[in-house]
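Whatever position you read off the sequence shown (first residue = 1), add 3 for my numbering. Yeah, the Cβ is synthetic: ideal placement off N, Cα and C, and Gly gets one too. Data first, discussion second: the structure below is written as structure tokens.
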Amino acid sequence: MALAIIKIKIMPESPDTDLEDIQKQAEKTISGEKGSNIKFEKEPIAFGLN
């Protein structure tokens, strides 16, 4: 079986969105599809917005 590296960029709808909740849901979904070596990074969208 082949392995692939996939990078997914998730953009929240508003700055008030709970990023921890999105991360937990994404990790659950990826793990359910047999994903491994899952890593999350948070990057600022614009000055002052994380």
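Alpha-carbon to alpha-carbon, residue j and residue i
i     : j     : result
THR47 : GLU16 : According to the sequence displayed, residue 47 carries Pro and not Thr. Straight-line Cα distance between these residues: approximately 14 Å.
ILE8  : ASP19 : 30 Å
LYS10 : PHE50 : 24 Å
THR32 : LEU22 : 15 Å
LEU6  : GLY38 : 10 Å
Residues near residue i in its chain [Cβ-Cβ closer than 7 Å; skip 5 each side]
i     : result
GLU30 : ILE41
Top-ranked residue by Cα proximity to residue i, from the options
i     : options                : result
LYS12 : LYS45, LYS37 and SER34 : LYS45
Nearest-angstrom Cβ-Cβ length linking residue i and residue j, presumed shorter than 8 Å
i     : j     : result
PHE43 : GLN28 : Contact doesn't hold; Cβ gap of about 12 Å is too wide.
Residues near residue i by beta carbon distance below 8 Å, same chain, minus five either side
i     : result
SER34 : ILE41
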